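Quick notes on the structure that follows.
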Amino acid sequence: MKNPNFSRVLKYYRKLNNLTVPEVSNLFRERGSEIATKTIYGWESGQSQPSADCLMFLCELYHIENILETFGYQNTEGEPLLLSSIEKSIIKGLREHPEYQTVILKLLDLEQN
Numbered sequence: 047m048k049n050p051n052f053s054r055v056l057k058y059y060r061k062l063n064n065l066t067v068p069e070v071s072n073l074f075r076e077r078g079s080e081i082a083t084k085t086i087y088g089w090e091s092g093q094s095q096p097s098a099d100c101l102m103f104l105c106e107l108y109h110i111e112n113i114l115e116t117f118g119y120q121n122t123e124g125e126p127l128l129l130s131s132i133e134k135s136i137i138k139g140l141r142e143h144p145e146y147q148t149v150i151l152k153l154l155d156l157e158q159n
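One point on numbering: in our numbering, the residue at position 87 of the sequence shown is 133, and numbering is uninterrupted.
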């Protein structure tokens, strides 16, 4: 069964990483895989989906760490949560400085679990 979010997420993360389709194709070529730009456009339009190996390489290129959640397979709350690089930096900073968590939760009017 095709995931309707798959193509949208691939395109979003490619653009988030400031890569063009020809650049992605060239990066595949440098890796030893001949993937045409037409194929990548097909993945991003939902016409087809990449093989597991190609998907893993795309995730590496696009800095996608949690593959299942990013593509909406573990998120039961609807849309997958797509974080920008700034949002990821904020989360990493918060994890590195737990002493700020109480203040940030209060600022955002969130309850602490």
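Glycine included, C-beta positions come from ideal geometry on N, C-alpha and C. These numbers were taken from a predicted model, which means no experiment stands behind them.
TODO: Give the straight-line distance between the Cα atoms of G139 and T148, rounded to the nearest whole angstrom.
DONE: Here residue 139 refers to the residue found at position 93 of the sequence shown. Here residue 148 refers to the residue found at position 102 of the sequence shown. Rounded to the nearest angstrom, the two C-alpha atoms are 14 angstroms apart.
- [ ] Figure out for me which residue from A98, Y87 and D155 has the closest Cα to the Cα of Y58.
- [x] In the sequence shown, residue 58 corresponds to position 12, counting from 1. The shortest CA-to-CA distance from Y58 to any of A98, Y87 and D155 is the one to Y87.
Open item on the list: I'd like the list of long-range same chain contacts for R68, defined as Cβ closer than 6 angstroms, with 5 residues on each side in sequence excluded.
Closed with: Numbered from its first residue, the sequence shown carries residue 68 at position 22. The question names Arg, yet the displayed sequence has Pro at residue 68. Cβ-Cβ distances below 6 angstroms link P68 to T83 in the same chain, with the five nearest sequence neighbours on each side left out; the list follows chain order.
- [ ] Using 10 angstroms around the beta-carbon of T116, count the other beta-carbons present and answer buried if the total reaches 16, otherwise exposed.
- [x] On the sequence shown, residue 116 is found 70 positions in, with the first residue counted as 1. With 16 or more other Cβ atoms from the protein chains shown falling within 10 Å of its own Cβ, T116 counts as buried.
Open item on the list: Just to confirm before moving on: does the CB-CB distance between L56 and W89 stay below 9 angstroms?
Closed with: On the sequence shown, position 10 is the one that residue 56 refers to. On the sequence shown, position 43 is the one that residue 89 refers to. Yes, the Cβ-Cβ distance between L56 and W89 is below 9 angstroms.
Open item on the list: At the level of alpha carbons, what is the spacing between N227 and R54?
Closed with: Examination of residue 227 is not possible in this model, given that the chain is present from 47 through 159 alone.
Task: Distance between E106 and E133 (C-alpha atoms, nearest Å) - done: For the purposes of this step, residue 133 is taken as residue 87 along the sequence shown, with counting starting at 1. For the purposes of this step, residue 106 is taken as residue 60 along the sequence shown, with counting starting at 1. Rounded to the nearest angstrom, the two C-alpha atoms are 19 angstroms apart.
TODO: Look at the Cβ atom of N51, then the Cβ atom of G118, and state whether they are nearer than 9 angstroms.
DONE: Against the sequence shown, residue 51 aligns to sequence position 5. Against the sequence shown, residue 118 aligns to sequence position 72. For N51 and G118, yes; Cβs fall inside 9 angstroms.
- [ ] Using three-state DSSP, classify E115 as helix, strand or coil.
- [x] As a position in the sequence shown, residue 115 is number 69, starting the count at 1. Helix at E115.
Task: Among H109, F74 and N112, the one whose alpha carbon lies nearest that of P96 - done: The sequence position of residue 96 within the sequence shown is 50, counting from 1. Among H109, F74 and N112, the Cα nearest to that of P96 belongs to F74.
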